[in-house]
Amino acid sequence: MSQTLMMMYFVVCSKRLTGAEALKHRWFDAPVTTALSKKKLKRYVIKKRWIKAVNTIIALRRMGARLDRGL
178 MSQTLMMMYF VVCSKRLTGA EALKHRWFDA PVTTALSKKK LKRYVIKKRW
228 IKAVNTIIAL RRMGARLDRG L
């Protein structure tokens with residue numbers, strides 16, 4: 178585990194990183210070098226929606242819901 182994450186886990190508030198200190202970390206300081214593809218993002222969102230719909234149908238069938246007559 179990185180040192181920054183370890184500093185955020187302290188129970189004593191005075192030892193914990195502040196928000197300003199956390200924002201100065203190199204993870205947040207570094208410029209984004211990779212461009213995100215809108216096409217890939219749309220595909221990802223659609224896939225997640227389908228998976229959610231299928232899981233909902235499976236759960237309803239396990240509970241004995243009859244899908245042919247509506248919910």
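In this text, residue positions in the sequence shown follow my numbering: the first is 178, and each later residue adds one. All residues carry an ideal CB built from backbone N, CA and C; glycine is no exception.
- Here Ala-199 is near Phe-205, since their CB atoms are less than 9 Å apart.
- Within the segment 189-232, the complete alpha helix (DSSP H) segments at least 4 residues long are 196-200 and 203-206, listed from N- to C-terminus.
- Straight-line measurement puts the Cα of Lys-215 at about 17 Å from the Cα of Arg-226.
- In the three-state reduction of the DSSP assignment, Ala-236 falls in the helix class.
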